[in-house]
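Okay, so the sequence shown: first residue is 321 according to our numbering, each after it adds one.
Glycine included, C-beta positions come from ideal geometry on N, C-alpha and C.
To keep things clear, I will list the structure first and then write my remarks on it.
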Amino acid sequence: MNRAGSSTSSSANSSNSTAAYRPPCRWKGLFGVHVSETGYTENGHIGTLINNCVTVNKVSNSSYRSLVCNNDQNLYVVDILNRGDGLSPEFSVNMGVALNHASMSPDLKTIVTVGDSSRIFLMHPQENIRDITNREVLSTQSDCGFSTSWSDSGFQFSSCFQEGVNFIYDVRNLAKPMHEIFSTRRQSQNGAFRVCKYSGGTDDLLFISEHQGRVHIVDTRDFMTHQVVMLPKQLYDYDDGYYNQPIVKDYQDVCDVQGELGYLSSSRRFIAGVDVARLHNSKFFSYTAENCPKRYPVEQTTETGSSSHSEQSVYDPLIYSTYLRGMATGTVAASSSTSSSSPSPSTGQNSDSSSAESDKLRSPLTDPFYYLDSELEICGLEILGNSQYRDGRRSLVIGSEDGMIHWDIDSWKRRCFPSYELA
C-alpha cells in the first residue's frame, strides 16, 4: 500500500518544469511517500506553499502517480517508481486558484479538481499525461470547493463545497448535476461540507462529512435513502469511563428537528425555554432498541492464573428509549464523580430545577441534545477495503479530534440477487 504524506517544493513558471525549489519555510509543501511492501520511503518538497491534498493512484504494479494540490495555484503530478530516484514533479498545471483537492478517475483518463472558487475543473490527459489540452470548467453558485471523489464505475464523481452543498455529476452529461445533497446546517460553519468519499466496490454509497459532528450516508443507486451519522459531544466520558456510540438518523428527521431548534448550544436551550416535550414527538427522538444511543465501558481485564478474559456490558437501550419519551420517567442516574477533563455546560443556579437541568447535560443517557449539539470536529473519512483486509470486507473510518470511529459496511445486504425461472 502506498501512502502519501507531506513535504515542500515548487515548479518554475513553465507548467512542464521539473525543477525543484526548496523554500525557506521547511514545513511548506511537505511531501512524503512510503511503500509498505518494499519498505521504500522518500521525503521531499513539492510546491512553494502549503499542500492541501495528496492523492495516490496505481498506474501499474511497479508505479504510482500522485496528484498534489498546493496553495500556489498549481496541481503537481508526481510519478512514484519506487526506485529512490527522488521526488520531483513530472509537471505542474496552474489553475489560477488555490487548490484544495484533486482526484483521478478509475480509468486514469480524467482529473477533477476544486479550490478556492465556485468552479469545478475537469482535465482529460490521454496516453501522454503531459498533454492536458482539453479542459472543462463547470460553474456553480457555491463557495469554495473542498473535496472530490469518483465512483468505482468512473461514470459519477462528487464535489462538495464548504457552504454545505454537494454536487454529483454523470460524466456522460455534464450540462447539470444529476443530484444535489445539502448539509443539515447550511447556515452555520459547523455544517460546512469538508470531505466526500465513495465507498467503492458494489456498495454504491457516498459519505460526506460536515465540519462538526455529522456524516451523511447516501445510497447512490436511486438517491432515495439518505441518513446521517450523529457523533456524540465526546467519544469518551471521563466521569463514568464509558465510550459513547454514534447514532444514525434519517436525513429529513435531523433537518426537521434542527429547524425547530435553530442554532443555539444545548447549554442555552434549556434556559431559553425550548419546548422539549414537543420536540420529543418528532421522529428524531423515537428511539428503538436497535437505533438508540449506546455506551460501552472500558474493557475490564481480569487475570486468573495464566489466562485472562475481558468482560463488557452495555446500558439497557430500553431504559434510554423510555427516558426520551418522557423526561420524568425511566431516568438513569449519572455518576456523582467529577473530572476536570470532562466539560460541564453552565446553566443558571438560581433554583433546584436549574441545577437538575444542568445534570441532564452531562451524559447521552440524560441529555437529548447530546448528538444534536456535537461540536466534535471531523478530520477526515477513509474507506478500508480488500487491500487492507484481504477478505472482501469494507469499512468506514471517521477521523475526529477525539479519535477514530471504525464501522463495518454490510456489503452482503447491499448486493442484488436477480430472480430467474427455468423454462
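Assigned exposure category for residue 542 - 16 Cβ within 10 Å defines buried:
Classification for residue 542: exposed.
With C-beta atoms as the reference, is residue 529 less than 8 Å away from residue 514?
Yes, they are a contact pair.
Once you ignore the five residues that flank residue 566 on each side, which residues in its own chain have a CB closer than 7 Å to its CB?
Taken in chain order, the residues that qualify are 549, 550, 551, 552, 725.
Would you be able to state if there are at least three C-beta pairs under 8 Å between the segment 517–525 and the segment 479–497?
Result no; under three Cβ-Cβ pairs closer than 8 Å.
Since I believe residue 571 is in contact with residue 546 (beta carbons under 8 Å), could you give me their beta-carbon distance rounded to a whole number of angstroms?
Between residue 546 and residue 571 the beta-carbon gap is near 4 Å, inside 8 Å, which marks them as a contact.
Let's test the definition: count the other Cβ atoms within 10 Å of the Cβ of residue 562 and tell me whether it reaches 16, buried, or not, exposed.
Residue 562 comes out buried.
How big is the Cα-Cα spacing for residue 518 and residue 471?
Taking the CA atoms as reference points, residue 518 sits about 6 Å from residue 471.
Let me check one thing: in DSSP terms, what residues is residue 499 bridge-paired to?
According to DSSP, residue 499 shares a beta bridge with 488.
Using only the alpha-carbon positions, how far apart do residue 577 and residue 569 sit?
Distance between the alpha carbons of residue 577 and residue 569 is about 11 Å.
Taking its Cβ as the centre, do 16 or more other Cβ atoms sit within 10 Å of residue 709, making it buried, or is it exposed?
For residue 709, the number of other beta carbons within 10 angstroms of its own is below 16, and it is reported as exposed.
According to DSSP, is residue 478 helix, strand or coil?
Of the three classes helix, strand and coil, the one that applies to residue 478 here is strand, per DSSP.
DSSP state of residue 337, grouped into three classes?
Confidence is the limiting factor: at residue 337 the pLDDT is only 41, short of 50, which leaves the residue's position unreliable, though a coordinate-based value still follows. Looking at residue 337 - three-state DSSP - the assignment turns out to be coil, as it is neither helix nor strand.
Residue 391 (DSSP reduced to helix, strand or coil):
In this structure, residue 391 counts as coil in the three-state DSSP scheme.
Going by the CB atoms, is the gap between residue 431 and residue 415 shorter than 8 Å?
No.
Identity of the residue in 422, 461, 370 nearest residue 438 by Cα:
The closest CA to that of residue 438, considering only 422, 461, 370, is found on 461.
Do residue 398 and residue 440 have their C-beta atoms closer together than 8 Å?
No, Cβ-Cβ distance for residue 398 and residue 440 is not below 8 Å.
Bridge-paired residues (DSSP) for residue 557
Answer is 562.
Distance, Cα to Cα, residue 776 vs residue 506?
Residue 776 lies beyond the stretch modelled for the chain, which goes from 321 to 743, so this question has no answer here.
Nearest-angstrom Cα separation, counted from residue 388 out to residue 371
In this structure, the CA atom of residue 371 is about 7 Å from the CA atom of residue 388.
Strand pairing of residue 366, partner residues [DSSP]
Assignment of beta-bridge partners to residue 366 by DSSP yields no partner.
Let me know if residue 380 comes out buried or exposed under the rule of 16 or more other beta-carbons within 10 Å of its beta-carbon.
By the neighbour-count rule (16 or more Cβ atoms within 10 Å), residue 380 is not buried but exposed.
Do residue 393 and residue 422 have their CB atoms nearer than 8 Å?
Contact: no.
Beta-ladder partner(s) of residue 422, from DSSP
Answer is 433.
For residue 424, tell me which candidate among 538, 712, 467 has the shortest Cα-Cα distance.
Looking at the Cα atoms, 467 is the closest of the given residues.
By DSSP, does residue 728 sit in helix, in strand, or in coil?
In the three-state DSSP reduction, residue 728 falls in the strand class (E or B).
To the nearest angstrom, report how far apart residue 267 and residue 485 are at their CA atoms.
In the structure displayed, the chain extends from 321 to 743; residue 267 sits before or after that span and is not available.
Please work out which residues of its chain come closer than 7 Å, Cβ to Cβ, to residue 475, disregarding the five sequence neighbours upstream and downstream, and give them in chain order.
Here the set comprises 490, 491, 492.
Please return the same chain residues whose Cβ sits closer than 7 Å to the Cβ of residue 705, not counting the five positions on each side in sequence.
Around residue 705: 520, 521, 714.
Within its chain, find whatever has a CB closer than 6 Å to the CB of residue 384; leave out the 5 residues flanking it on each side and keep chain order.
The residues are 322, 376, 378, 400.
Assign residue 368 to buried or exposed, taking buried as 16 or more other Cβ atoms, counted over all protein chains shown, within 10 Å of its Cβ.
Around the C-beta of residue 368, 16 or more other C-beta atoms lie within 10 Å, and the residue is accordingly described as buried.
Roughly how many angstroms separate the alpha carbons of residue 703 and residue 602, rounded to a whole number?
Roughly 33 Å separates the two Cα atoms.
Reference residue 749, options 410, 455, 411, 409, closest by Cα:
The first residue shown for the chain is 321 and the last is 743, placing residue 749 beyond what the model contains.
Counterpart residues of residue 466 in DSSP-defined beta bridges:
According to DSSP, residue 466 bridges with nothing at all.
Neighbour-count burial assignment, residue 278, 16 or more Cβ in a 10 Å radius
The first residue shown for the chain is 321 and the last is 743, placing residue 278 beyond what the model contains.
If residue 465 sits next to residue 511, beta carbons under 8 Å apart, how far is it from one beta carbon to the other, in whole angstroms?
Here residue 465 is actually not in contact with residue 511; their C-beta atoms are around 16 Å apart, not less than 8 Å.
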